[in-house]
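Counting from 5, one number per residue, gives the positions in the sequence shown under this note's numbering.
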Amino acid sequence: MLGAQRKSHLLQILDRDGRVIAKSVAQELGLSEDSIRRDLRELADEGKLVRVYGGGLPVPAADRPVEQRSSLATDSKKRVAARAAELIGRASTIVLDAGTTTLELARILPNDAELTVITPSPAIAIAVAEHSEARVVMIGGELTRYSMVTGGPLAMEAIRHLAADLFFMGVTGIDPTRGLTTGNLDDAATKRAIAGRCEQTIVLGSEEKIGAISRFPVLEFEAIAGIIVDPLDRNPLIAELPMLISS
Numbered sequence: 005m006l007g008a009q010r011k012s013h014l015l016q017i018l019d020r021d022g023r024v025i026a027k028s029v030a031q032e033l034g035l036s037e038d039s040i041r042r043d044l045r046e047l048a049d050e051g052k053l054v055r056v057y058g059g060g061l062p063v064p065a066a067d068r069p070v071e072q073r074s075s076l077a078t079d080s081k082k083r084v085a086a087r088a089a090e091l092i093g094r095a096s097t098i099v100l101d102a103g104t105t106t107l108e109l110a111r112i113l114p115n116d117a118e119l120t121v122i123t124p125s126p127a128i129a130i131a132v133a134e135h136s137e138a139r140v141v142m143i144g145g146e147l148t149r150y151s152m153v154t155g156g157p158l159a160m161e162a163i164r165h166l167a168a169d170l171f172f173m174g175v176t177g178i179d180p181t182r183g184l185t186t187g188n189l190d191d192a193a194t195k196r197a198i199a200g201r202c203e204q205t206i207v208l209g210s211e212e213k214i215g216a217i218s219r220f221p222v223l224e225f226e227a228i229a230g231i232i233v234d235p236l237d238r239n240p241l242i243a244e245l246p247m248l249i250s251s
């Protein structure tokens, strides 16, 4: 079986079963596990699945390109954003991560001229400027087109000089076992660096993120101050999450 045929077969299994187990497929096709693992790595690099120990999982809905995520769980994002806005104190300095939930938050910030908003996202910066009197500070760097967020060495240099009260962090996966994850390695590093310069980090957890698992870990639960979830989300995994902020 050619490599392209193997990959197509793996994607069919993923679509049918919701996961791929490398050992099982290797036995089925009479191939080595190394061959299947290599195919899985290549499919993960192409963004067609998430590589995990022993196999692969579907790409979470929250881990798709930003233009595809804008219409996902919009009401849930608005409820999470509304709860987050309640945590912002007067004249505070906050960091808004890139993402569609933080974009909702940017649109409902307190109209406080003494509020300072720092962000690595051009879209967030524009939304804050349009909807609030807050001071806006951009983190410079190379723009990642997939997530539309700045990163790289220039961003890291700027982050080293930040100091903020709250970081509202976006992730693409929140799972009780696998923790806080995102789909881009550089984005994960940028999030960790920003969290290290803020007094507290709050994770925004709209419904499509709960139980999702992306490829790259961001932070341990113990490193954050809390997770805001949608009060109407009845996902049973929510009860297993630590650090929940009540709605």
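Yeah, the Cβ is synthetic: ideal placement off N, Cα and C, and Gly gets one too.
By the criterion of a C-beta distance shorter than 6 Å, H135 is surrounded in its chain by R111, once the five residues flanking it on both sides are discounted.
Rounded to whole angstroms, the separation of the alpha carbons of H165 and L18 is 44 Å. The stretch 139–158 makes no contact with the stretch 221–238, as fewer than three CB pairs between them are under 8 Å. Of the candidates V29, R20, Q31 and L61, the residue whose Cα lies closest to the Cα of A216 is L61. If you draw a 10 Å sphere on the C-beta of R94, you find fewer than 16 other C-beta atoms in it, and that means exposed.
In this structure R10 is in contact with D43, their Cβ atoms being roughly 5 Å apart against a cut-off of 8 Å.
The continuous beta strand (DSSP E) containing M142 extends over residues R139 to M142. Taking 4 residues as the shortest admissible run, the stretch 73–99 contains the following complete alpha helix (DSSP H) segments, listed from N- to C-terminal end: 78–89. Within 10 angstroms of the beta-carbon of R83 lie 16 or more other beta-carbons, which makes it buried. If the five residues before and after A117 are omitted, its C-beta is found closer than 6 Å to the C-beta atoms of E137, all from its own chain and listed in chain order. Judged by DSSP in its simplified three-state form, M160 adopts helix. Each of L6, A131, S80 and M247 was checked against the Cα of D237, and the nearest Cα belongs to S80. Membership of E37 in the alpha helix (DSSP H) is indicated by the continuous run E37 to D49. The C-alpha of A88 lies about 45 Å from the C-alpha of D38. Looking only at E50, V132, A197 and V54, the smallest Cα-Cα distance to T154 is reached by A197.
Straight across, the Cα-Cα distance linking E203 with G22 is about 39 Å. Here DSSP, grouped into helix, strand and coil, assigns E203 to strand. Boundaries of the alpha helix (DSSP H) harbouring E108: T104 to A110, taken from the DSSP string. Beta-bridge annotation (DSSP): I17 is not paired with any residue. In the three-state scheme derived from DSSP, where H, G and I count as helix and E and B as strand, V233 is classed as strand.
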